[in-house]
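Let me begin by presenting the structure, written as structure tokens, before commenting on it.
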Amino acid sequence: MILLLQNAIQMFQDLHSKGFINSLLTYKTSQDHIETTFSAIRSRLGYNNNPTCRQFKEAYKRILVHSEIVGSQFGNCALLDNTKHLTVDSSVKEKELVFKINDTWIPNSHLLDHDYFDSYMNITKFVEDTSEYIAGFVVKKILKLIAKLH
């Protein structure tokens, strides 16, 4: 506990001296959101505390695609803020999702080469990290398949 507090103080001093922050909300650096996510996955699996890869994958997909992640009431973490997680709204029409370029974005249009959706600009760090993890997994599997073919 002492080491944790010393590290938090050092992190604040480093970031404050560089002018990045004026205050540090230490609960934002905790792993409670990860624990909440896995609590939701465990609740999908019922009494099975040792799922197969396929069961875990299906529970994870179902949570990401079909509902907002909400932790179990029996978990050891409580949400301290209104952090948003991935939700899918089927009522949004595809035409509404098309990225619209306005005059303020034109000077930086080269940065938006592959940004097709306006909602992409507002995703949370959780969704971004999850997407990167899944994309890395897919690339790894594809590279293995390509290596087997050659």
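Position 3, counted from 1, in the sequence shown is what my numbering calls 4; the numbers after and before it change by one each time, with no gaps.
Backbone N, C-alpha and C fix where the C-beta goes; we use that ideal spot for every residue, glycine too.
Computed from a prediction, not measured in an experiment: that's the story for all the values here.
For Thr-53, the secondary structure class from DSSP, reduced to helix, strand or coil, is coil. The beta carbon of Asn-49 sits closer than 8 Å to those of Gln-56, all from its chain and outside the five residues before and after it, given in chain order. For His-17, the enclosing alpha helix (DSSP H) stretches over residues 3-18.
In the same chain as Tyr-61, and ignoring 5 residues on each side of it, the C-beta atoms closer than 7 Å to its own belong to Ile-42, in chain order. Put simply, the backbone Cα of Asp-130 is about 26 Å away from that of Asn-23. In this chain, the alpha helix (DSSP H) harbouring Lys-142 covers 126-150.
Between Leu-26 and Ala-9, the beta carbon gap of about 10 Å keeps them out of contact (Cβ cut-off 8 Å). In terms of Cα proximity to Thr-30, the closest of Phe-13, Ile-143, Lys-58, Lys-141 is Phe-13.
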